[in-house]
Amino acid sequence: HHGHTEAELGRKFVENYGWTEIFHADRLACGFLVLGPRTAYPTHRQAAEEICIPLAGTAFWQRGNRPFAPRPPGMIIHHPSWLPHAMRTSNDPLLALYVWRGDLLENRQVLG
Numbered sequence: 642h643h644g645h646t647e648a649e650l651g652r653k654f655v656e657n658y659g660w661t662e663i664f665h666a667d668r669l670a671c672g673f674l675v676l677g678p679r680t681a682y683p684t685h686r687q688a689a690e691e692i693c694i695p696l697a698g699t700a701f702w703q704r705g706n707r708p709f710a711p712r713p714p715g716m717i718i719h720h721p722s723w724l725p726h727a728m729r730t731s732n733d734p735l736l737a738l739y740v741w742r743g744d745l746l747e748n749r750q751v752l753g
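And the structure:
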């Protein structure tokens, strides 16, 4: 969940998105992701396997071609390597813990 630019995803997104990394090693990183209310994180994928755990706020998550589904705080969400995924918030902001494991050097791809 590294920094996105306004040119890449638009002003509304970058004003309602934040992250901080609390640990980084060669093949493991973890940190926190924040999405403001009514914010869509577009479909993306990365080489690293990703585990997300919402800590506050119920957001809607999409994995692959499946429909968006609500994921409450405490639910573990797993994205295998290169699986397209997206998330969006409604009226509540989202705070989530993320863990990336594997190839951290391969850049993520924003798909939509």
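Read left to right, the sequence shown gives residues 642 to 753 (the working numbering). Glycine residues also receive a C-beta, built at the ideal position from the N, C-alpha and C atoms.
Asked	Found
Nearest CA to the CA of residue 723: which residue from 669, 691 and 740?	691
Identify whether residue 656 lies in helix, strand or coil by the three-state DSSP scheme.	helix
Using the Cβ count rule (16 or more neighbours within 10 Å means buried), how would you classify residue 687?	buried
Are the stretch 674 to 688 and the stretch 726 to 736 touching by the rule of at least three beta carbon pairs closer than 8 Å?	yes
Please go through the stretch 713 to 746 and give each complete alpha helix (DSSP H) segment of 4 or more residues, from N-terminal end onward.	none
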